[in-house]
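Mapped onto the working numbering, the consecutive letters of the sequence shown carry residue numbers 11 to 189.
Backbone N, C-alpha and C fix where the C-beta goes; we use that ideal spot for every residue, glycine too.
Heads up, the thing below is written out as structure tokens.
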Amino acid sequence: FSLLLPIIIVLNVLIVLSRYVFGVGLVAFQELVLYLHAIIFLGCAGWVLLQDEHVRVDIFYRDQSNKKKNLVNFIGIVFFLLPSVFVIGWYSIDFILTSWSIGESSTEPGGLPYVYIQKSFILLFPVLQFLASMKLIIKLWKLKLIISKALKGHLGAIKGYLGAINRTSEDYFGLLRIT
11 FSLLLPIIIV LNVLIVLSRY VFGVGLVAFQ ELVLYLHAII FLGCAGWVLL
61 QDEHVRVDIF YRDQSNKKKN LVNFIGIVFF LLPSVFVIGW YSIDFILTSW
111 SIGESSTEPG GLPYVYIQKS FILLFPVLQF LASMKLIIKL WKLKLIISKA
161 LKGHLGAIKG YLGAINRTSE DYFGLLRIT
């Protein structure tokens, strides 16, 4: 997808030259640049996720061990990424089908008559994000990052804490029965 960048650059140069040198606007080229831009960003999102190059706030994450980072990534994929991917995919289907059914075209004079094709690119994002997230989950699974193993040490602490609360409540309620 990123190989489309040189095409965008050439088209932008043509647009600027035609407008400011020749005084001719190329609306179709401007819209084509938008279409290519959409393909690049929607299509590269999955690759960026796989390369771990996506934007994140690393206030706590950067200083953690790899095991904890993997756990955060697993939880983030399962509870945040996948639900949002399904919502985007689900709601975009009707949007795209409506556009195809009416043969939606540009509202600009001289624009491209294929807006419905551009709207179809929206499905690139959830499909590629889903595939990338499945690959990451498999990778994390192969690293033997199963939640029960990752939380094993934490579960012992939680059980100890709950046991202390239970003993405290038994002692407290035992005192109530005595008095």
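Counting only the same chain and skipping the five closest in sequence on each side, list residues whose C-beta sits under 8 angstroms from that of residue i.
i    : result
I147 : F84, I87, V88
I17  : L46
L44  : Q128
Residue i: which of the options sits nearest, CA to CA?
i    : options               : result
P93  : E118, V137, I106      : V137
S12  : F39, V26, C54         : C54
M144 : T117, L91, D104, Y126 : L91
Y101 : F32, L81, L133, L44   : L133
L153 : W57, S116, N80        : N80
D68  : V82, V58, W57         : V82
V97  : Q139, V58, Q128       : Q139
L141 : F70, V20, L59, F32    : L59
Evaluate residue i with the Cβ neighbour count: other Cβ atoms within 10 Å of its Cβ, from every protein chain shown; 16 or more gives buried, anything less gives exposed.
i    : result
V23  : exposed
E118 : exposed
G113 : exposed
L150 : buried
G184 : Any reading at G184 needs caution, since the residue's pLDDT is 47, under 50, leaving its predicted position unreliable; the model's value is listed next. By the 10 Å Cβ count, G184 comes out exposed.
Q61  : exposed
V220 : The structure shown does not extend to residue 220, since the chain is modelled only from 11 to 189, so the question has no answer here.
Less than 8 angstroms between the CB atoms is what I'm expecting for residue i and residue j, so what's the real figure, rounded?
i    : j    : result
L15  : F135 : At roughly 18 angstroms, the Cβ-Cβ gap does not stay under 8 angstroms, so L15 and F135 are not in contact.
I106 : S75  : About 43 angstroms; that fails the 8 angstroms criterion.
L122 : E41  : 5 angstroms
In chain order, what residues of the same chain lie with their CB nearer than 7 angstroms to the CB of residue i, ignoring the 5 residues before and after it?
i    : result
Y126 : S109, W110, G113, E114
G120 : V37, A38
Ignore the nearest five residues each way along the sequence and tell me which others in residue i's own chain have a CB closer than 6 angstroms to its CB.
i   : result
S28 : V34, L36
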